[in-house]
């Protein structure tokens, strides 16, 4: 089955700096890669996703890049703000079986 | 944007006392999921329904069961809760199959406490 790894487990950045979170996956058949943000005690919320037919997608301060050859995808947050502090989960899916495999999550802290 | 609703938001039960958690959705999505999320961990899939077709994860304990009486509602039954079942239980929905319909939308969760 699919295995998604996420490193590091914590990341601390200064407000205004960029943050990059990287995930790797094992199943070359995976073709859908969402990123979820989860604040303490709240639901995971989809912030951006990418499908295997594109290499990059951007939405304001957030971007995701995908390298199918290396089987990794990354979340890029520019001009970080304190409200970006949360746990971020990457996930992968082949689409066919409707199931997401999540990474373990990374805690991002943005220092004011 | 309360399109995936979970009730109750907090549930306290006693060790061994059956409990039912509820999820409803107004999105008319075909697929519904139940996840268990413990502190500082990723959501763990317990089972999912595609329409009425039930799909159980291999490592989901028999203590957990689910019902989906119609498109809008899905229930999680924990027959004999143990202390290790204390967690946040998340319901999620997805429009259906096909690669353009893969986004999962999560409900707010039910936090279960077992005394």
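Residue numbers (this note's numbering), protein chains in the order written: chain L, 62 to 173; chain V, 295 to 409.
Don't be surprised by glycine CBs; every beta carbon is placed ideally from N, CA and C.
This one's a predicted model, so the numbers in the text were calculated from it and none came from an experiment.
At least one beta carbon of chain L lies nearer than 8 Å to the beta carbon of residue 401 of chain V. Chain L has a Cβ within less than 8 Å of the Cβ of residue 337 of chain V. Interface annotation, residue 107 of chain L: in contact with chain V, CB-CB separation under 8 Å.
In the DSSP assignment, the residues bridged to residue 117 of chain L are L/126.
Among the CB atoms of chain L, one or more fall inside 8 Å of the CB of residue 397 of chain V. The residue from L/137, L/129, L/110 with its alpha-carbon nearest to that of residue 122 of chain L is L/137. Shown here, residue 347 of chain V sits in a strand according to DSSP, grouped into three states.
At a Cβ-Cβ threshold of 8 Å, residue 323 of chain V and residue 402 of chain V do not count as neighbours. When C-beta atoms of the region 78 to 97 of chain L are compared with those of the region 136 to 155 of chain L, three or more pairs fall below 8 Å, so the two segments count as touching. Residue pairing for residue 326 of chain V: DSSP places it in a beta bridge opposite V/343, V/387. Per DSSP, residue 308 of chain V lies in no beta strand (DSSP E) segment and is marked neither H nor E. Of all C-beta pairs linking the region 313 to 321 of chain V to the region 295 to 304 of chain V, three or more are shorter than 8 Å, placing the two stretches in contact. By the C-beta criterion, the region 85 to 92 of chain L is judged to be in contact with the region 63 to 77 of chain L, since at least 3 inter-stretch pairs fall below 8 Å.
For a Cβ distance threshold of 9 Å, nothing in chain V lies close to residue 86 of chain L: the least Cβ distance comes to about 14 Å. Cβ-Cβ distances below 6 Å link residue 371 of chain V to 314, 359 in the same chain, with the five nearest sequence neighbours on each side left out; the list follows chain order.
If you draw a straight line from the Cα of residue 409 of chain V to the Cα of residue 382 of chain V, it is about 15 Å long.
With contacts defined as CB atoms closer than 8 Å, residue 305 of chain V and residue 397 of chain V fail to qualify as a contacting pair.
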